[in-house]
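Asker:
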Amino acid sequence: SLIGERIAEPLAVAIEDERFVWRHRDLIARHVGPDIPMLLSVGVIRALCDIDPTFLTGRRIVLIDDIRKPYGQPRRREMDLTGMPGVTLRRAAGFSAEPDGGVFQGGSVAVSALQFALAAGVGEIGFIGVDIANADAPRFYEAEGESAFSGVAGAETRILDHIALARDIAAARGIRLVNHSPVSALASIGLDPVPLAASAA
463 SLIGERIAEP LAVAIEDERF VWRHRDLIAR HVGPDIPMLL SVGVIRALCD IDPTFLTGRR
523 IVLIDDIRKP YGQPRRREMD LTGMPGVTLR RAAGFSAEPD GGVFQGGSVA VSALQFALAA
583 GVGEIGFIGV DIANADAPRF YEAEGESAFS GVAGAETRIL DHIALARDIA AARGIRLVNH
643 SPVSALASIG LDPVPLAASA A
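This note's numbering numbers the first residue of the sequence shown as 463 and each following residue consecutively.
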């Protein structure tokens with residue numbers, strides 16, 4: 463499935479890059495059931511509708527909107543963002559505690575999904591497969607030699623800065639972020655790898 467064999471059925475599926483849709487539309491159709499909520503960017507919604515106008519019918523859709531440049535609105539200045547409720551800025555990184563009004567897109571859909579997860583008020587959030595450093599290798603749903611281009615490796619610093627900010631905000635709320643990948647670059651920001659079984663115990 464889209465999340466491998468670790469999770470029987472996801473609480474939701476987040477897709478931010480429309481290129482993923484064009485390359486893996488059959489995978490999405492097979493494994494994202496009609497009852498699974500979907501967090502989608504404007505570009506992804508457009509791509510899905512172009513491929514199959516009926517696919518999103520009856521589904522629960524949550525918009526992943528870029529808080530810096532919301533859909534149909536002008537780009538916001540830093541001073542505009544600073545005055546928004548729930549927004550935290552730290553250098554080039556940002557965090558939104560109210561993702562329904564937009565999220566800070568930080569180079570990976572994991573950054574956007576993390577803001578939604580923290581808004582849900584859970585006690586622990588685990589990262590599985592957020593490796594970053596080996597982004598040029600095939601993903602778990604890709605065969606050898608069939609990897610799609612990924613800009614994740616080039617955005618490593620940006621991604622880590624956003625996740626580090628979210629980590630600090632989570633800690634202040636008593637929420638724990640856990641890295642379940644032994645090869646993830648998340649270890650460089652203090653999220654040392656923890657085996658999934660050990661965390662669940």
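No residue lacks a Cβ here, since even glycine has one placed at the ideal position from N, Cα and C.
#1: Identify whether Pro655 lies in helix, strand or coil by the three-state DSSP scheme.
#2: With DSSP collapsed to three states, give me the class of Thr516.
#3: For Ser503, name the three-state secondary structure that DSSP assigns.
#4: Among Ile587, Ser643, Phe482, Met500, which one has its Cα closest to the Cα of Arg522?
#5: Hey, how far is the Cα of Lys531 from the Cα of Gly652?
#6: Using only CA atoms, which one of Gly505, Ile637, Leu622, Ala476 lies nearest to Gly534?
#7: Taking the CB atoms as reference points, tell me whether Pro655 and Asn641 lie closer together than 7 angstroms.
#8: Do Ala632 and Leu622 have their C-beta atoms closer together than 7 angstroms?
#9: Would Ser503 and Glu478 be called neighbours here (beta carbons separated by less than 7 angstroms)?
#10: For Gly563, does the three-state DSSP call read helix, strand or coil?
#11: Give the range of the alpha helix (DSSP H) segment to which Ile490 is assigned.
#12: Expressed to the nearest angstrom, what Euclidean distance is found between the alpha-carbon atoms of Val549 and Cys511?
#13: Looking at C-alpha atoms only, which residue of Thr619, Gly588, Ile529, Val475 is the closest neighbour of Ala659?
#14: Which same chain residues, not among the five before or five after Pro561, have their C-beta less than 7 angstroms away from its C-beta?
#15: Using DSSP with H/G/I as helix, E/B as strand and the rest coil, what is Ala555?
#16: Which residues in the same chain as Asp457 place their Cβ atom closer than 6 angstroms to its Cβ, once the five residues preceding and following it in sequence are excluded?
#17: With a threshold of 7 angstroms between beta carbons, is Pro515 in contact with chain D?
Answerer: Looking at the atomic coordinates:
#1: Position 193 of the sequence shown, counting from 1, holds the residue named residue 655. Strand, per DSSP.
#2: Your numbering for residue 516 matches position 54 in the sequence shown. Thr516: coil per DSSP, three-state reduction.
#3: In the sequence shown, the residue the question calls residue 503 occupies position 41. DSSP places Ser503 in strand when its eight states are reduced to three.
#4: Along the sequence shown, one-based indexing puts residue 522 at 60. Measuring from the Cα of Arg522, the nearest candidate turns out to be Met500.
#5: For the purposes of this step, residue 531 is taken as residue 69 along the sequence shown, with counting starting at 1. For the purposes of this step, residue 652 is taken as residue 190 along the sequence shown, with counting starting at 1. Using only the alpha carbons, I get a separation of about 31 angstroms.
#6: Here the question's residue 534 lines up with position 72 in the sequence shown. Gly534 has its Cα closest to that of Gly505, out of Gly505, Ile637, Leu622, Ala476.
#7: Translated into positions along the sequence shown, residue 655 becomes position 193. Translated into positions along the sequence shown, residue 641 becomes position 179. Yes. Within cutoff.
#8: Numbered from 1 along the sequence shown, position 170 holds the residue referred to as residue 632. Numbered from 1 along the sequence shown, position 160 holds the residue referred to as residue 622. No, they are not a contact pair.
#9: Numbered from its first residue, the sequence shown carries residue 503 at position 41. Numbered from its first residue, the sequence shown carries residue 478 at position 16. Yes, they are a contact pair.
#10: For the purposes of this step, residue 563 is identified with residue 101 of the sequence shown, where counting begins at 1. Helix.
#11: Locating residue 490 in the sequence shown gives position 28, counting from the first residue. Here the alpha helix (DSSP H) through Ile490 covers 480-493.
#12: Numbered from its first residue, the sequence shown carries residue 549 at position 87. Numbered from its first residue, the sequence shown carries residue 511 at position 49. Looking at the two C-alpha atoms, the distance is approximately 31 angstroms.
#13: Position 197 of the sequence shown, counting from 1, holds the residue named residue 659. Per the Cα distances, Gly588.
#14: The residue you call residue 561 lines up with position 99 of the sequence shown. In chain order, Gln577, Phe578, Ala581 place their CB closer than 7 angstroms to the CB of Pro561, counting only its own chain and leaving out the 5 sequence neighbours on each side.
#15: The count along the sequence shown starts at 1 and reaches residue 555 at position 93. In the structure shown, Ala555 sits in a strand (DSSP, three-state: E or B).
#16: Here the chain covers residues 463 to 663 and nothing more, so residue 457 does not appear.
#17: Annotation note: the requested chain D is absent from the structure, which comprises a single protein chain.
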